[in-house]
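Down below is the structure, laid out as C-alpha cells.
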DNA sequence: ATCGTACTTGTACAAACGTACAAGTTGAGC
DNA sequence: GCTCAACTTGTACGTTTGTACAAGTACGAT
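Protein chains in written order, with full-length UniProt numbering: chain A, 1 to 194; chain B, 1 to 194.
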C-alpha cells in the first residue's frame, strides 16, 4: 500500500536512483511552486515533499531547517528570472522602440501569474526577514542595470518602479495591461532631465 | 498562577468589563499588528489573542474562523488608510506644487514601515485569495481617485504605480527615499499627453 | 570482496495549530 | 428579585507542524 514496487523491479523494495544534485534542484523547484500557491508563510516541509514526490526526510536532509528550504526556493526563482533577464536585455538592445518593447515584455511577463506572485512574495518576505534581503536585492537590481545604459540611471530606476507598480496592480486586480497607456508613461519617464 | 486576581478586587475571580464593540476593534487591531510582524500566513488565533491581551476563546467568539479574523485585520488596516487619504486629499488640494507635496507625503508615509508592510501583505494575499480582492481594490483605488481631478485619470494611475514601485523598493532595500528624483519623475508623468 | 561514507526513508515526538464547547458571569427587561 | 440571552473564559480534541533519528541501501575507495 505504501510504495507499490512495480512489476518491473520484481522483489527488492528499492531505494530510488541516487542523484543528490537533482534532488536539491527538485526540492528547490517544488518549494518555489508551493510558495507561489500557498505563500511563504504556509509553506511546509510536507507540502514541498509531496509536490516533489520525495519522502519527508529528504527535505530535512538537504535543507536542515525550513528557512533554508524557503530560501532555496526563492533563490531558485530569482535565478530563473535572471536567466529571463538576459533575454530581455537582448530584445531591448535590438528593439527600434524601447518603450514599446518594454511594454510588450511586461505583457508577456504577466502571462504567468504564478511566477509574478513569487516575486512579490519574495519582496514582502524580505521586508520582514533581513536574511532574504540579498536575494531580493539581486532581483530588484536586475532590470535597472539593463535599462541604465540606454535610459540613464535615474530614468531606469523610475521606469522599473513604474513597471513594478503596474504589475502589482494587474496582479491584484486580475486586470489586463493597458499597453498603450504604459508605453506612453514610459516615454514620459525617458524624457531627458536636462 | 493563572489569572492572578489583584489585591484591589479582593476575592471574586472577575470577568473583565463587557464591551463587545471594543473587543472586536481590539482584535482587529491586534490582528493587524501580528500580520505586520509575522505575515498573513503565520498569523494565528493565539498570537492575536496574546497581542490583544484577551483569552483564546475571544477570537473565535467574534470571528468564527481564522480567515474571518485575518479579513477583519486587513479591513481595519485599509479603513485606517482611507482616513489618512482624506488628509492627503486636503493637503494636495492646498499645495502650490503637486509633485513636491506628493513626494513629501510619500516620505511621511514611509516613516511607519509596519503600516506599509501590511498594505503589501494585503496585495499578495489578495493575489492568491479572491475573497480579499474587494478589500485590496478599495485600497488601491483610493489614491488614484484623489489624484484624478488634478492630474487626469491616466496620469493619476501612472503616478500611483510609480509610487507603489518606489515604496516597494524602499521597503525591501530599507533605503532612504530619493525625494528630488521622485518629484522630477512625478512631474514628467504629469506632462499632458496631448 | 569489504568497508566506510554518503545518501535514503519511515517513523516518532513534542509543540503549536484551528476549532468546539461546557460552565460561569453579567446586565437588560420584566 | 428573577430570567434569559449575550458575553467570557479555560480547557479539550484531533491535526498538522518542525525536526530528530535509527535502520537500511548504494557506491567509490581499497
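Idealized CB from N, CA, C, for every residue including glycine.
Small disclaimer: the values here were computed from a predicted structure and weren't measured.
Item	Value
Quick one: which chain B residues come within Cβ less than 9 Å of residue 191/A?	188, 191
Report yes if the CB atom of residue 72/A is closer than 8 Å to the CB atom of residue 131/A, and no otherwise.	no
By Cβ distance, which residues of its chain are closer than 7 Å to residue 7/A, with the 5 residues on each side in sequence left out?	Because the pLDDT of residue 7/A is 32, which lies under 50, any placement of that residue in the model is unreliable, and the question is left without a value.
State the DSSP-derived secondary structure class of residue 42/B, mapped to helix, strand or coil.	helix
Against chain A, does residue 18/B count as a neighbour if the rule is that its beta carbon must be under 8 Å from one of theirs?	no
What are the residues of the stretch 80 to 102 of chain A that lie near chain B, defined by any Cβ-Cβ distance shorter than 7 Å?	none
What does a CB cutoff of less than 7 Å around residue 179/A pick up in its chain, not counting 5 residues either side in sequence?	103, 107
Under 8 Å between beta-carbons, which chain A residues line up against residue 40/B? List them in chain order, please.	39, 41
What separation, rounded to the nearest whole angstrom, lies between the Cα atoms of residue 121/B and residue 140/B?	13 Å
Measuring only between beta-carbons, confirm whether residue 109/A sits less than 8 Å from chain B.	no
Please confirm if residue 62/B has its CB atom under 8 Å from at least one CB of chain A.	no
Are the CB atoms of residue 126/B and residue 136/B within a distance shorter than 8 Å?	yes
Under the assumption that residue 39/A contacts residue 172/B (Cβ atoms under 8 Å), give the Cβ distance between them as a whole number of angstroms.	Actually they do not touch by this definition, with Cβ atoms about 17 Å apart.
Taking one C-beta from the stretch 140 to 153 of chain A and one from the stretch 149 to 160 of chain B each time, how about it: are there three or more such pairs within less than 8 Å?	no
Let's test the definition: count the other Cβ atoms within 10 Å of the Cβ of residue 59/B and tell me whether it reaches 16, buried, or not, exposed.	buried
If we ignore side chains and look at the alpha-carbon of each, how far apart do residue 86/A and residue 146/A end up?	9 Å
Using beta carbons (cut-off 8 Å, strictly below), is residue 70/A in contact with chain B?	no
Please report the residue range of the alpha helix (DSSP H) in which residue 188/B lies.	179 to 190
List the endpoints of the continuous alpha helix (DSSP H) containing residue 134/B.	133 to 151
Since residue 99/B is in the alpha helix (DSSP H), which residue starts that stretch and which ends it?	98 to 109
Against chain A, with Cβ distances strictly below 8 Å, would residue 166/B count as a contact?	yes
Which of helix, strand or coil does DSSP assign to residue 65/B?	coil
By the 8 Å beta-carbon criterion, what residues does the stretch 132 to 165 of chain B contribute toward chain A?	133, 136, 137, 140, 154, 157, 158, 160, 161, 162, 163, 164, 165
Consult DSSP for residue 54/A and reduce its assignment to one of helix, strand or coil.	coil
Looking only at C-alpha atoms, which of 183/A, 118/A, 188/A, 22/A sits nearest to residue 184/B?	188/A
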